[in-house]
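In the numbering used here, the protein residues as written are 73 to 163.
Below you can see the structure in the form of structure tokens.
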């Protein structure tokens, strides 16, 4: 998904956020996730704060997304992939 020069055409804010994060632009990813007012945006927002190391803030956003915080042994890469697959309908 991140090999393209831009996020997928018509992508939600949550998918755009994952795309930017996958390209190493945490700040832009955060802005996209924050602008997406839905539960998907909240889920990506949670992941981004977990990645940042702000577990308390991540917990708040996981609750807003109605998603459990991943177990400590779930890598950020594995979580990113799981979120991307679900948001893109690639279970």
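Glycine included, every Cβ here is placed at the ideal spot set by N, Cα and C.
Give the secondary structure of residue i by DSSP, where H, G and I count as helix, E and B as strand, and everything else as coil.
i	result
residue 145	coil
residue 83	coil
residue 93	helix
residue 110	coil
residue 120	helix
Mind reading off the beta-carbon distance from residue i to residue j? Whole number of angstroms is fine, and I expect it under 8 Å.
i	j	result
residue 155	residue 132	No, residue 155 and residue 132 are not in contact; Cβ-Cβ is about 17 Å, not under 8 Å.
residue 122	residue 114	Actually they are not in contact, since the Cβ atoms of residue 122 and residue 114 sit about 13 Å apart, beyond 8 Å.
Original post:
Does the region 76-90 come close enough to the region 99-108 to have 3 or more Cβ pairs within less than 8 Å?
Top reply: yes
Original post:
Does the count of Cβ pairs from the region 110-121 and the region 137-153 closer than 8 Å reach three?
Top reply: yes
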